[in-house]
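**Student:** Attaching a single structure in structure tokens format; questions to follow.
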Amino acid sequence: MGAGKSTVGRIVASNLDMDFVDLDGLIATNAGKSISAMFSDEGENEFRKLEQEALRKELAGTGKVISCGGGIVLDEKNIRLLRERSLVFWLLIEESEVIARLANNNDRPLLKGRDFLQEVRQLMAERRDKYMRAAHEVIEVDRLEPRAIAEEITIRWKRFRSTSRERNTGFM
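For the sequence shown, this note's numbering begins at -10 and goes up steadily by one.
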């Protein structure tokens, strides 16, 4: 949530000559509406079903960098899929940095119509342990530029690939 997954993912994909998939963007394109509109029209549960279907489909192949929405870890099945079929990088970001980055973003459905600060804190607290369980690697991204983050991920990916079978790269 607000860690720069899509921006960093595009750079990593370019560095590794892989395809880039923004899972939320893919879902929105397939549905013909924004994620916020999907949450409003169909509800979070329906979105999460579509999210899991899209994740399963994208993880069926290899050679992709996949940027997942922050809520991907809310379902244990997704955590298992990510751990088994990809190398997952958690872009760890401090709460204060998330708040600064998202303060003027109106396209976050879980933050609409609520106390923004309280909701960010609650979402981060609820998801932290799940992110830890899903992640193979943790990258602290506070005050780092996207290119520096992408370079660190690229280095770690190449190290991993030298000793393991082919997998996708995932970001949370």
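Every residue, glycine too, gets a C-beta built ideally from N, C-alpha and C.
Note that this is a predicted model, so its numbers are computed, not measured.
Report buried or exposed for Arg74, applying the criterion of at least 16 other Cβ atoms within 10 angstroms of its Cβ.
**Tutor:** buried
**Student:** Relative to the alpha-carbon of Gly(-7), which residue among Leu81, Glu108, Ser151 has its alpha-carbon at the smallest distance?
**Tutor:** Leu81
**Student:** Taking C-alpha atoms, which residue in Val87, Val109, Ala114 lies nearest to Val130?
**Tutor:** When Val87, Val109, Ala114 are compared, the shortest CA-CA separation from Val130 is found for Val87.
**Student:** What does the alpha-carbon distance come out to for the pair Ile144 and Ala26?
**Tutor:** 38 angstroms
**Student:** Can you tell me which of the three DSSP states Lys53 falls into?
**Tutor:** strand
**Student:** Can you name the residues that DSSP bridges to Leu48?
**Tutor:** In DSSP, Leu48 forms no bridge with anything.
**Student:** Taking a contact to mean a Cβ-Cβ separation below 7 angstroms, would you say Arg116 touches Ile68 in this structure?
**Tutor:** no
**Student:** What's the gap between the Cα of Asn19 and the Cα of Lys46?
**Tutor:** 13 angstroms
**Student:** Assuming Arg168 and Gly(-9) are in contact, meaning their beta carbons sit under 8 angstroms apart, how far apart are those beta carbons, in whole angstroms?
**Tutor:** Residue 168 cannot be examined here, being either before or after the span of the chain that is shown, -10 to 161.
**Student:** Within its chain, find whatever has a CB closer than 8 angstroms to the CB of Trp146; leave out the 5 residues flanking it on each side and keep chain order.
**Tutor:** Val1, Leu5, Leu76, Thr158
**Student:** For Asp104, count the other beta carbons within 10 Å of its own beta carbon; 16 or more makes it buried, fewer makes it exposed. Which is it?
**Tutor:** exposed
**Student:** Ends of the beta strand (DSSP E) at Lys75?
**Tutor:** Correcting the residue type first, residue 75 is Ser in the shown sequence and not Lys. That run of the beta strand (DSSP E) goes 75 to 81.
**Student:** Would the beta-carbon of Lys53 fall within 7 angstroms of that of Val10?
**Tutor:** yes
**Student:** In the DSSP assignment, find the unbroken beta strand (DSSP E) run with Ile61 in it and report its ends.
**Tutor:** Unbroken run through Ile61: none, as it is neither H nor E.
**Student:** According to DSSP, is Val130 part of a helix, a strand, or is it coil?
**Tutor:** coil
**Student:** Of the residues Phe78, Thr152, Glu31, which one's Cα is nearest the Cα of Ile138?
**Tutor:** Scanning Phe78, Thr152, Glu31 for the CA closest to the CA of Ile138 turns up Phe78.
**Student:** Enumerated in chain order, which unbroken segments of the beta strand (DSSP E) with a length of 3 residues or greater are wholly contained in the segment -8 to 56?
**Tutor:** DSSP runs (the beta strand (DSSP E)) wholly in the segment -8 to 56: 8 to 11, 53 to 56.
**Student:** When DSSP labels each residue in this structure, what does Ala92 get in the three-state scheme?
**Tutor:** DSSP places Ala92 in coil when its eight states are reduced to three.
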